[in-house]
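S.K.: This structure is in structure tokens; I'll ask about it shortly.
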Amino acid sequence: MEANRDYQERARQLQQMREQLRPLDLQTWLVPSPLEQACLQFYGILFTDERVQQSVGYLDHQGQRIALYRFRPQRVSASCFLLHGYYDHVGLYGHLIRFLLENGVEVVAFDLPGHGLSDGERASIDEFGHYRSVLKTLISSAERAALPKPWLGMGQSTGGAILADWALGEGRDCFDQLLLLAPLLRPHRWPLARVAHYLLRPFVKAIPRSYSDNSSDHAFLQFVRHQDPLQPRTLPVAWVGALARWIPHMLAASPSPLAVLVVQGDEDHTVDWRFNLSAYQRLFPAARVLTLAGAGHHLANESIPLRKRYLQWLSQNLILERGGGVEVNGYTRGSIAE
Numbered sequence: 138m139e140a141n142r143d144y145q146e147r148a149r150q151l152q153q154m155r156e157q158l159r160p161l162d163l164q165t166w167l168v169p170s171p172l173e174q175a176c177l178q179f180y181g182i183l184f185t186d187e188r189v190q191q192s193v194g195y196l197d198h199q200g201q202r203i204a205l206y207r208f209r210p211q212r213v214s215a216s217c218f219l220l221h222g223y224y225d226h227v228g229l230y231g232h233l234i235r236f237l238l239e240n241g242v243e244v245v246a247f248d249l250p251g252h253g254l255s256d257g258e259r260a261s262i263d264e265f266g267h268y269r270s271v272l273k274t275l276i277s278s279a280e281r282a283a284l285p286k287p288w289l290g291m292g293q294s295t296g297g298a299i300l301a302d303w304a305l306g307e308g309r310d311c312f313d314q315l316l317l318l319a320p321l322l323r324p325h326r327w328p329l330a331r332v333a334h335y336l337l338r339p340f341v342k343a344i345p346r347s348y349s350d351n352s353s354d355h356a357f358l359q360f361v362r363h364q365d366p367l368q369p370r371t372l373p374v375a376w377v378g379a380l381a382r383w384i385p386h387m388l389a390a391s392p393s394p395l396a397v398l399v400v401q402g403d404e405d406h407t408v409d410w411r412f413n414l415s416a417y418q419r420l421f422p423a424a425r426v427l428t429l430a431g432a433g434h435h436l437a438n439e440s441i442p443l444r445k446r447y448l449q450w451l452s453q454n455l456i457l458e459r460g461g462g463v464e465v466n467g468y469t470r471g472s473i474a475e
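Using our numbering, you'd call the opening residue of the sequence shown number 138 and step up by one each time.
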């Protein structure tokens with residue numbers, strides 16, 4: 138009963154935060170309100186170190202409010218656009234935010250439409266191009282604010298796919314490097330999923346979400362399933378249809394010489410990772426790949442030993458000047474310690 142009351146209170150606070158988000162321009166900073174601080178602290182992305190500056194607000198995209206987050210270390214050697222995966226939100230990415238800050242990288246991140254605190258039908262999209270359009274709006278804001286370069290793009294799963302899509306098209310000259318964690322292209326058992334989508338779409342708008350053990354961090358899995366009020370509970374059929382239309386678009390793209398680092402777990406049962414790796418290596422011939430033995434799909438929240446292995450590899454291969462980072466203390470999410 139107590140856990141349920143805590144959950145309901147947290148859900149109420151997050152809804153209140155959503156309603157009270159202020160417009161955020163990357164040329165200015167907003168000090169988080171007490172309510173925002175409490176919600177950020179719950180997810181472990183309130184960095185109280187005075188050497189880290191942060192803001193939260195919303196980006197206006199065609200009348201849609203997109204929750205926007207910004208984190209800056211004292212000395213900046215690069216800027217990174219961090220995109221989360223399907224069903225996720227920025228609050229779950231404290232490990233990656235801290236990693237980037239400690240490498241002297243400013244972080245700009247947003248909740249995808251229909252996710253987290255952003256507007257939109259929960260976990261749904263009509264076309265994947267809408268994700269790309271939001272990223273374009275953010276890039277334009279970053280250009281006006283002259284965010285420090287080089288510019289990196291870092292994405293988990295769907296987030297990585299959006300960055301890759303942008304970099305292969307209109308944004309070919311935007312990024313200096315991409316960091317892709319288990320990037321989405323074709324899901325696991327995609328032929329079966331397509332048949333199911335074809336049969337279901339005339340009759341249902343969504344099906345109940347099926348949770349999988351996509352990480353060996355059991356505390357994270359419990360948090361997502363039982364403690365996070367921002368988790369969508371259904372899989373909209375429209376999203377699957379949008380994915381089906383987007384895959385051929387990606388496969389038809391012309392290759393790019395962009396520097397790309399790909400991390401992929403060999404215990405990933407969310408995406409068809411062997412097919413996807415082959416496709417991404419064709420699209421980005423200069424890509425370097427780390428196949429992580431024993432890792433699942435949700436690399437952003439894998440167990441500490443696995444996460445340390447790939448973060449060390451990324452750190453050694455980042456395109457940036459050294460010496461700008463700060464050590465960020467004590468990451469916790471809710472009541473769950475790292």
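Don't be surprised by glycine CBs; every beta carbon is placed ideally from N, CA and C.
Can you find the residues in the same chain that come closer than 8 Å, C-beta to C-beta, to Asn141, ignoring five residues on each side of it along the sequence?
M.R.: Residue mapping note: residue 141 aligns to position 4 of the sequence shown, counting from 1. Here the set comprises nothing.
S.K.: Look up Arg323 in the DSSP assignment and say whether it is helix, strand or coil.
M.R.: In the sequence shown, residue 323 corresponds to position 186, counting from 1. Note: Arg323 maps to coil in three-state DSSP.
S.K.: Quick check on Asp354: buried or exposed, where buried means 16 or more other Cβ atoms within 10 Å of its Cβ?
M.R.: Sequence index remark: in the sequence shown, residue 354 carries index 217 (1-based). Buried: at least 16 other Cβ atoms inside 10 Å.
S.K.: Where DSSP assigns a beta bridge to Ala492, which residues make up the other side?
M.R.: Lying before the first or after the last residue shown, residue 492 is absent from the chain, which here runs from 138 to 475.
S.K.: Just the C-alpha distance for Tyr206 and Ser294, rounded to the nearest angstrom, thanks.
M.R.: Indexing the sequence shown from 1 puts residue 206 at position 69. Indexing the sequence shown from 1 puts residue 294 at position 157. Rounded to whole angstroms, Tyr206 to Ser294 spans 19 Å at the Cα level.
S.K.: My understanding is that Leu448 touches Phe236, with C-beta atoms under 8 Å, so please give their C-beta distance in whole angstroms.
M.R.: If you number the sequence shown from 1, residue 448 lands on position 311. If you number the sequence shown from 1, residue 236 lands on position 99. Contact holds; Cβ gap of about 5 Å.
S.K.: Looking only at its own chain, which residues have a Cβ that is under 7 Å from the Cβ of Gln190, when we skip the five neighbours before and after it?
M.R.: What you label residue 190 is simply residue 53 of the sequence shown in a count that begins at 1. Counting only Cβ-Cβ distances below 7 Å, and skipping sequence neighbours, we find Trp166 and Arg209.
S.K.: Once you ignore the five residues that flank Gln418 on each side, which residues in its own chain have a CB closer than 6 Å to its CB?
M.R.: Counting from one through the sequence shown, the residue named residue 418 turns up at place 281. Counting only Cβ-Cβ distances below 6 Å, and skipping sequence neighbours, we find Ala424.
S.K.: Return helix, strand or coil for Ala381, following the three-state DSSP convention.
M.R.: Numbered from 1 along the sequence shown, position 244 holds the residue referred to as residue 381. Ala381: helix per DSSP, three-state reduction.
S.K.: Got a sec, what are the start and stop residues for the beta strand (DSSP E) Glu243 sits in?
M.R.: Numbered from 1 along the sequence shown, position 106 holds the residue referred to as residue 243. From DSSP, the beta strand (DSSP E) with Glu243 extends over Val242 to Phe247.
S.K.: Could you round the C-beta distance between Leu177 and Gln153 to whole angstroms and report it? I think they count as a contact, below 8 Å.
M.R.: Here the question's residue 177 lines up with position 40 in the sequence shown. Here the question's residue 153 lines up with position 16 in the sequence shown. Between Gln153 and Leu177 the Cβ distance is about 14 Å, and since that is not below 8 Å, they are no contact.
S.K.: Can you say whether Asp143 is buried or exposed, counting buried as having 16 or more other CB atoms within 10 angstroms of its CB?
M.R.: Along the sequence shown, one-based indexing puts residue 143 at 6. The residue is exposed, with fewer than 16 neighbouring Cβ atoms inside 10 Å.
S.K.: In the structure shown, what three-state DSSP assignment does Gly345 receive?
M.R.: Position 208 of the sequence shown, counted from the start, is the residue given in the question as residue 345. A quick correction: the sequence has Pro, not Gly, at residue 345. Here Pro345 sits in strand by DSSP.
S.K.: Within the continuous alpha helix (DSSP H) that includes Gln150, where are the two ends?
M.R.: Residue numbering aside, residue 150 sits at position 13 when the sequence shown is read from its first letter. Element bounds for Gln150: Glu139 to Gln157.
S.K.: For my contact list, Pro216 and Pro285 are in at a C-beta cut-off of 8 Å; report their separation, rounded to the angstrom.
M.R.: Within the sequence shown, numbered from 1, the residue matching residue 216 stands at position 79. Within the sequence shown, numbered from 1, the residue matching residue 285 stands at position 148. In the sequence as displayed, the identity of residue 216 is Ser instead of Pro. So it is a contact: roughly 5 Å between Cβ atoms.
S.K.: Per the DSSP calculation, Arg411 is bridged to which residue(s)?
M.R.: Counting from one through the sequence shown, the residue named residue 411 turns up at place 274. Bridge partners of Arg411: none, in fact.
S.K.: Using the rule of at least 16 other Cβ atoms within 10 Å of the residue's Cβ for burial, across every protein chain shown, is Glu187 buried or exposed?
M.R.: In the sequence shown, the residue the question calls residue 187 occupies position 50. With fewer than 16 Cβ atoms within 10 Å of its Cβ, Glu187 is classed as exposed.
S.K.: Would you call the region 401-409 in contact with the region 420-435, where contact means no fewer than 3 C-beta pairs closer than 8 Å?
M.R.: Touching, yes, given that three or more Cβ pairs across the two stretches are closer than 8 Å.
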